Amino acid sequence: MTYLPAESRYDNMEYRRSGHSGLKLPAVTLGLWYNFGGVDSLENARSMIHRAFDLGITYFDLANNYGPPPGSAEESFGQILAQDLAPYRDELIISTKAGYYMWPGPYGEWGSRKYLVASLDQSLERMGLDYVDIFYSHRPDPDTPMEETMGALDYIVRSGRALYVGISTYDPEQTRDAARILRNLGTPCLIHQPRYNMFDRWIEDGVLDVLKEEGIGCIGFSPLCQGILTDKYLQDIPEDSRADRLEGEFHWGDSVTQERIAKVRKLNELAQARGQSMAQMAMAWVLRHPGMTSALFGASRVAHVEEAVAALDNLEFSAEELQRIDEILAE
Ligand SMILES: NC(=O)c1ccc[n+]([C@@H]2O[C@H](COP(=O)([O-])OP(=O)(O)OC[C@H]3O[C@@H](n4cnc5c(N)ncnc54)[C@H](OP(=O)(O)O)[C@@H]3O)[C@@H](O)[C@H]2O)c1
Numbered sequence: 003m004t005y006l007p008a009e010s011r012y013d014n015m016e017y018r019r020s021g022h023s024g025l026k027l028p029a030v031t032l033g034l035w036y037n038f039g040g041v042d043s044l045e046n047a048r049s050m051i052h053r054a055f056d057l058g059i060t061y062f063d064l065a066n067n068y069g070p071p072p073g074s075a076e077e078s079f080g081q082i083l084a085q086d087l088a089p090y091r092d093e094l095i096i097s098t099k100a101g102y103y104m105w106p107g108p109y110g111e112w113g114s115r116k117y118l119v120a121s122l123d124q125s126l127e128r129m130g131l132d133y134v135d136i137f138y139s140h141r142p143d144p145d146t147p148m149e150e151t152m153g154a155l156d157y158i159v160r161s162g163r164a165l166y167v168g169i170s171t172y173d174p175e176q177t178r179d180a181a182r183i184l185r186n187l188g189t190p191c192l193i194h195q196p197r198y199n200m201f202d203r204w205i206e207d208g209v210l211d212v213l214k215e216e217g218i219g220c221i222g223f224s225p226l227c228q229g230i231l232t233d234k235y236l237q238d239i240p241e242d243s244r245a246d247r248l249e250g251e252f253h254w255g256d257s258v259t260q261e262r263i264a265k266v267r268k269l270n271e272l273a274q275a276r277g278q279s280m281a282q283m284a285m286a287w288v289l290r291h292p293g294m295t296s297a298l299f300g301a302s303r304v305a306h307v308e309e310a311v312a313a314l315d316n317l318e319f320s321a322e323e324l325q326r327i328d329e330i331l332a333e
């Protein structure tokens with residue numbers, strides 16, 4: 003059946019300008035790191051993407067290695083794009099990244115020009131696209147000169163492979179360097195993609211200040227701490243949750259500890275008093291920061307997409323609420 007997007011899709015979504023650029027992004031963005039790969043149901047992936055677009059989510063975030071297996075999220079997305087979303091390409095922001103391991107040998111990861119350009123060409127082929135809207139350096143490379151990595155991003159824009167470029171997980175000093183080099187090349191850095199949630203506030207210590215000074219947007223990933231900042235784990239670890247599927251091998255040392263869950267229980271009470279679910283309050287908390295362009299969440303079912311978007315119904319926090327959240331997190 004032909005997919006027809008909801009006519010109401012732009013009625014309720016908020017769009018925020020990314021730094022000093024001309025590009026506005028939806029306040030919530032859907033990421034395809036998990037649940038959109040070759041091992042997952044294509045029909046479920048399709049339903050989540052349709053629902054997201056129907057609700058005004060115009061931005062879909064990918065990377066070369068998303069799957070599993072690596073590359074397969076781009077393939078699935080490309081299939082859904084070709085079958086359902088091709089007529090709406092100009093209403094979509096699609097990003098991909100390169101930085102992590104993709105193929106053997108010295109040119110299959112990190113930040114050389116050789117790797118970044120080859121990887122993006124592979125990504126474009128997998129997605130069936132002529133260009134992406136945003137291409138990211140997925141992680142800083144300690145062994146490649148910053149000038150080379152940023153020069154590759156500039157070349158990627160000039161060669162028509164991407165419209166904008168961004169960086170991900172760069173620290174404050176690296177962010178400042180990257181911004182300066184890109185500015186001098188004439189391809190300004192559009193956005194930074196760092197991890198940001200109630201349990202991981204590292205960007206409050208420098209990165210957000212640099213972004214403000216440089217006029218660069220910020221899209222915080224894993225606002226739900228991979229599901230921990232929801233009501234999912236309040237009783238136990240349910241079957242088919244990410245924690246169950248990855249058997250405790252959460253990225254960056256995330257884990258469902260009793261200490262964390264005790265805090266989430268208290269945060270959940272506060273969320274309920276605000277008339278929100280825990281997930282919604284976690285999304286709203288990320289978006290409370292004036293430097294935040296978008297909250298980049300993940301989903302395993304359509305209801306997660308709906309819940310994330312509904313967080314926008316209440317983004318206001320009183321000073322008392324913010325203080326209470328800080329107290330709970332500090333306990
Ligand atoms: N640049 C980088 O280095 C980097 C790194 C990581 C991620 N990212 C980007 O950020 C995106 C989001 O990351 P993430 O998936 O970790 O984000 P997240 O939003 O913190 O976690 C998403 C997971 O939380 C669970 N969830 C979502 N909504 C829920 C709800 N309402 N109730 C209960 N559980 C809910 C689901 O897990 P279940 O499967 O358990 O249902 C979902 O897969 C990625 O897709 C990717 O685009 C970027």
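Sequential numbering of the sequence shown, starting at 3, is according to the numbering used here. Where is the CB? At the ideal position from N, CA and C, for every residue including glycine. Please read all numbers here as calculations on a predicted model, not as lab measurements.
query                                                                                                              : result
Any beta strand (DSSP E) of 3 or more consecutive residues that is wholly inside the stretch 25 to 73              : 26 to 28, 30 to 33, 61 to 63
Cβ-Cβ distance between residue 179 and residue 209 below 9 Å                                                       : no
Near ligand 1: residue 142 beta-carbon under 8 Å from a heavy atom                                                 : no
The stretch 71 to 83 in contact with the stretch 32 to 47 per 3-pair CB rule at 8 Å                                : yes
Per DSSP, cross-strand counterpart(s) of residue 298                                                               : 31, 223
Reduced DSSP category for residue 265 - H, G, I as helix; E, B as strand; rest coil                                : helix
Outcome for residue 306 when other beta-carbon atoms lying within 10 angstroms are tallied against a minimum of 16 : buried
Anticipated Cβ contact below 8 Å, residue 166 with residue 25, distance rounded                                    : 6 Å
Supposed contact pair residue 12 and residue 58 - C-beta distance, whole angstroms, cut 8 Å                        : 6 Å
Proximity test, residue 72 beta-carbon vs ligand 3 heavy atom, cut-off 8 Å                                         : Among the ligands present in this structure, namely ligand 1, ligand 3 is not found.
CB contact flag (residue 281, residue 241, <9 Å)                                                                   : no
Same chain, Cβ closer than 7 Å to residue 33, neighbours up to 5 away in sequence not counted                      : 63, 223, 298, 299, 300
From 313, 316, 15, 287, residue whose alpha carbon lies closest to that of residue 325                             : 287
Residue of 101, 284, 264 minimising C-alpha distance to residue 169                                                : 101
Cβ-based burial, residue 89 [other Cβ within 10 Å; buried from 16]                                                 : exposed
Contact under 9 Å by Cβ, residue 189 with residue 140                                                              : no
Host beta strand (DSSP E) of residue 134 (start-end)                                                               : 134 to 139
Check whether residue 60 and residue 15 have beta carbons under 9 Å apart                                          : yes
6 Å Cβ shell around residue 254 - same chain, five flanking residues per side excluded                             : Residue confidence is low: residue 254 scores 49 on pLDDT, short of 50, so the model does not pin down where it sits. Its coordinate-derived value is still stated next. Contacts found: none.
Exposure label - residue 3; buried when at least 16 CB within 10 Å                                                 : exposed
By C-beta, the residues closer than 5 Å to any heavy atom of ligand 1, given in chain order                        : 33, 35, 63, 170, 195, 223, 224, 226, 228, 229, 232, 234, 243, 244, 281, 298, 299, 300, 302, 306, 309
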